[in-house]
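Each number in the numbering used here comes from the position in the sequence shown (counting from 1) with 1 added on. Here's the structure, in structure tokens; my notes come after.
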Amino acid sequence: MMYEVVIPAAGQGKRMKAGVNKQLIELQNEPLIVRTLKVFENDEWCRGIIVVINEAERTQFEQLFSRFHIKKITAIVSGGKERQHSVYNGLKAVKNGDIVLIHDGARPFVTIEHIHELVKEAKEHGAAIPAVRVKDTIKKARDQFVEETVERSSLWAVQTPQAFHVSLVLRAHEQAQKDGYIGTDDASLVERIGGKVKIVEGDYRNIKLTTPDDLLFAEAILSSWVIS
Ligand SMILES: Nc1ccn([C@@H]2O[C@H](COP(=O)(O)OP(=O)(O)OP(=O)(O)O)[C@@H](O)[C@H]2O)c(=O)n1
Ligand SMILES: C[C@](O)(CO)[C@H](O)COP(=O)(O)O
2 MMYEVVIPAA
12 GQGKRMKAGV
22 NKQLIELQNE
32 PLIVRTLKVF
42 ENDEWCRGII
52 VVINEAERTQ
62 FEQLFSRFHI
72 KKITAIVSGG
82 KERQHSVYNG
92 LKAVKNGDIV
102 LIHDGARPFV
112 TIEHIHELVK
122 EAKEHGAAIP
132 AVRVKDTIKK
142 ARDQFVEETV
152 ERSSLWAVQT
162 PQAFHVSLVL
172 RAHEQAQKDG
182 YIGTDDASLV
192 ERIGGKVKIV
202 EGDYRNIKLT
212 TPDDLLFAEA
222 ILSSWVIS
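This is the structure:
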């Protein structure tokens, strides 16, 4: 079951406060983006990788891809203002009209096992996303005073890769673009055009490196992988 993957890596990484694109930060001597790309490079189901970058960083990224022998890249396209715009630019470069995955450049710990489960579910249902059950008690608040404690049993924290039939996710992005709607993930765009989205139970270690604390978690995950 083959698929293509779009990897948005054109963000500013403001919350990471690293002074450089967070995807260039090294984790045990390997840049974050390289770790993410290698998962797909090593997956035999992946027929092509489309990377979305900031134009100003093109040379830097191209050098990394060649230094770390990433061979499955079929296109390197320019990002947009929001993640959603970057993903849309990437989707327009998809060549094969079956299944596409969309995966954050800043999530290096996804496993091939999870990817395959998502591809199978997307093939059957049109859209599939990985998510983990929310463990904390969630409160809705205004001006830092609690309004409501939200029922937790139906809450999931959503990750990537998100897997879709190409035509469905393209239609969802086109409609969002037309309506001026911005969502925080791609599945939400499919939901708003009436598409069904299947949840696949994910892994708490599939973190997105967002703030400096996440670098500590990333080092811990990497160390535990070496030991186990
Ligand atoms: N205009 C954008 C914004 C984000 N991304 C990418 O989307 C992924 C998830 O975004 P996030 O972690 O929120 O990254 P940033 O937007 O870079 O972070 P911040 O909001 O802290 O600036 C990242 O791999 C990021 O590079 C992108 O390609 N284009
Ligand atoms: C799709 C996503 O990974 C959902 O968790 C997304 O990248 C989230 O980005 P955010 O800017 O941290 O909401």
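Where is the CB? At the ideal position from N, CA and C, for every residue including glycine. Since the model is a prediction, treat every value here as computed from it, not as a measurement.
Quiz item: Do the CB positions of residue 41 and residue 34 come within less than 8 Å of each other?
Solution: Cβ distance not < 8 Å, so residue 41 and residue 34 don't count as in contact.
Quiz item: Using the beta-carbon count (16 or more within 10 Å), is residue 5 buried or exposed?
Solution: Residue burial is scored here from C-beta neighbours: residue 5 has at least 16 other C-beta atoms within 10 angstroms and is therefore classed as buried.
Exercise. With residue 62 as the anchor, note down where its beta strand (DSSP E) starts and where it stops.
Key: Residue range 59 to 68 is occupied by the alpha helix (DSSP H) that includes residue 62, with no beta strand (DSSP E) assigned at that position.
Self-check item: Reference residue 25, options 46, 48, 2 and 66, closest by Cα
Solution: Nearest C-alpha to residue 25: 66.
Quiz item: Between the Cα of residue 98 and the Cα atoms of 28, 212, 164 and 44, which residue gives the shortest distance?
Solution: The shortest C-alpha separation from residue 98 is found at 164.
Quiz item: Secondary structure at residue 122, three-state DSSP: helix, strand or coil?
Solution: Secondary structure at residue 122: helix, using DSSP grouped into helix, strand and coil.
Quiz prompt | Delimiting residues of the alpha helix (DSSP H) encompassing residue 33 | solution = Run containing residue 33: 33 to 42, per the alpha helix (DSSP H) assignment.
Quiz item: Should residue 11 and residue 54 be called a contact, given that it needs their Cβ atoms to be closer than 8 Å?
Solution: Yes, these two residues count as a Cβ contact at 8 Å.
Self-check item: Where residue 218 falls: helix, strand or coil (DSSP)
Solution: Helix at residue 218.
Quiz prompt | Limits of the beta strand (DSSP E) - the one that residue 166 falls within | solution = Residue 166 -> beta strand (DSSP E) spans 163 to 166.
Self-check item: Buried/exposed call for residue 9, threshold 16 Cβ in 10 Å
Solution: Flag for residue 9 reads buried.
Exercise. Put residue 113 into one of helix, strand or coil per three-state DSSP.
Key: Here DSSP, grouped into helix, strand and coil, assigns residue 113 to helix.
Practice problem: Could you check the C-alpha separation between residue 64 and residue 45 for me, to the nearest Å? | Solution: Residue 64 and residue 45: Cα-Cα distance of roughly 24 Å.
Quiz item: What alpha helix (DSSP H) runs, 4 residues minimum, are completely inside the region 148 to 203?
Solution: For the region 148 to 203, whole alpha helix (DSSP H) runs of length 4 or above, ordered along the chain, are 167 to 180 and 188 to 193.
Quiz item: Hey, how far is the Cα of residue 206 from the Cα of residue 92?
Solution: Whole-angstrom Cα-Cα distance: 27 Å.
Quiz item: Thinking C-alpha only, which one of 38, 29, 82 and 83 is nearest residue 75?
Solution: For the residues 38, 29, 82 and 83, the minimum Cα distance to residue 75 belongs to 38.
Practice problem: Please indicate yes or no: does the CB of residue 209 lie closer than 7 Å to some heavy atom of ligand 2? | Solution: Answer for residue 209: yes, Cβ within range of ligand 2.
Quiz item: In terms of DSSP beta bridges, what is residue 87 paired with?
Solution: Answer is none; residue 87 lacks a bridge partner.
Quiz prompt | CB contact below 8 Å: residue 117 versus chain C | solution = Here there is only one protein chain, and chain C is not present.
Practice problem: Identify which residue in 131, 224, 225 and 210 has its Cα closest to the Cα of residue 107. | Solution: Closest by alpha carbon: 210.
Quiz item: Could you give the C-beta distance for residue 78 and residue 90, rounded to a whole number, given that I count them as a contact under 8 Å?
Solution: The C-beta separation of residue 78 from residue 90 comes to about 5 Å, placing the pair in contact by the 8 Å criterion.
Exercise. Name the two residues that bound the continuous beta strand (DSSP E) containing residue 81.
Key: For residue 81, there is no enclosing beta strand (DSSP E), as DSSP marks it with neither H nor E.
Practice problem: Let me know if residue 191 comes out buried or exposed under the rule of 16 or more other beta-carbons within 10 Å of its beta-carbon. | Solution: With a threshold of 16 other beta carbon atoms within 10 Å, residue 191 meets it and is buried.
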